[in-house]
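**Q** For the sequence shown, the working numbering assigns the number 256 to the initial residue and increments by one for each residue that follows.
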Amino acid sequence: MTEELIQKYNNHRQKADGYNVDTISGLYDKYSTTYTGYNMLYNEVPASLAKQNVKLRAKDDDNHKATDLVAQYLGEENIYNQFLEWGNEKDIHSLIWIIEEGYFNIVLDRAGNSKSERDKELLLGLKSESSDVKIMAILKIIYAVRNNMVHGNKDIQEYQRFLLEPLLSLLQTLCSQLFEKLGA
C-alpha cells in the first residue's frame, strides 16, 4: 500500500472512531465510514494477489472483491480464527438469531423486496461447521447491508442497532486483519 492510501485509510478510521454510537444515526455513520475504509482496502487486494502470481478470474466487480477476493487473500480459516481471537463469536451468534427470527431482511432486490431464499442460504452459511462457508456468509451479509444502506430507501430506526452493532464489530476486525496483511 502506498503511504497516501495508508494515511487516507487512517483518516477514515479516525473519523469512524469519532462517531457517537449512542445514537442510531451515529452508528449508521460509523458503519458507513468503516465500510468506506474496507472498500479502500479490498480494492488493493487484486494487485496484491497479482504480485503473488495468483490467477484472478475476469470478474472484477465490487461484490467479488469485497467477498471472494478478501476470503481468498486472507483465508477463510484465518478470518474465522481472528474473529474468535477478538471475541466476535457473539456477533456471529447475534446474526444467526436476527436472521432466524426474521427481524431483518438481508438480501433485497432492486425494489427493496426481500429475497428470503437468499437469507435462508446465508443463515445456513452462518450455522455451518465449515469456517469457509461461515466466513463467506458473513462477508456477503456485510456487503448486502452496505448495499441496503446506500441504495435502499429506509428510515433510520433504533431497532436497526441489533443488526448494525454486530456487523460493525465484525467489519472492524476484518479491516484490521486486512490492513495488517496488506503491509501497513
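C-beta atoms are modelled at their ideal positions from N, C-alpha and C, and glycine is treated no differently.
1. With a Cβ-Cβ cutoff of 9 Å, do L377 and S369 count as a contact?
2. May I have the straight-line CA-CA distance separating L329 from Y414, to the nearest angstrom?
3. Does DSSP put S385 in a helix, in a strand, or in coil?
4. Would you mind sorting E299 into buried or exposed? The rule is 16 or more other CB atoms within 10 Å of its CB.
5. Assess, as a yes-or-no matter, whether the stretch 290 to 298 is touched by the stretch 346 to 355 under the definition of 3 or more beta carbon pairs within less than 8 Å.
6. Give me, in chain order, the residues of the same chain whose beta-carbon lies closer than 6 Å to that of Y290; leave out the 5 immediate sequence neighbours on both sides.
7. Tell me which residues share the same chain as Y274 and place their Cβ nearer than 6 Å to its Cβ, disregarding the 5 neighbours each side in the sequence.
8. Where are the beta strand (DSSP E) runs, 3 residues long or more, that stay fully inside the stretch 268 to 323, in chain order?
9. Output yes or no for whether 9 Å exceeds the beta carbon distance between G292 and A321.
10. Since S287 contacts Y335 with CB under 8 Å, what's their CB separation in whole angstroms?
11. So for L437, helix, strand or coil by DSSP?
12. Flag this pair as yes or no: are the beta carbons of L381 and I393 separated by less than 9 Å?
13. Apart from the five residues on each side of it in sequence, which residues of its chain come closer than 7 Å, Cβ to Cβ, to Q432?
14. Between which two residues does the alpha helix (DSSP H) containing L350 stretch?
**A** Based on what the coordinates show:
1. Not in contact: L377 and S369 (Cβ atoms no closer than 9 Å).
2. Taking the straight line from one Cα to the other gives about 32 Å.
3. Reduced to three states, the DSSP call for S385 is coil.
4. With 16 or more Cβ atoms within 10 Å of its Cβ, E299 is classed as buried.
5. They do not touch, by the three-pair rule.
6. Excluding sequence neighbours, Y290 sits near R401.
7. G281, D284, K285, listed in sequence order.
8. Within the stretch 268 to 323, no run of beta strand (DSSP E) reaches 3 residues while sitting entirely inside it.
9. Result no, Cβ atoms of G292 and A321 do not sit closer than 9 Å.
10. S287 to Y335, Cβ: 25 Å. No contact.
11. Coil, per DSSP.
12. If you check the CB distance, L381 and I393 come in under 9 Å.
13. So the list reads L329, I334, Q337, once near-sequence residues are dropped.
14. Counting along the chain, L350 sits inside the alpha helix (DSSP H) bounded by residues 344 to 355.
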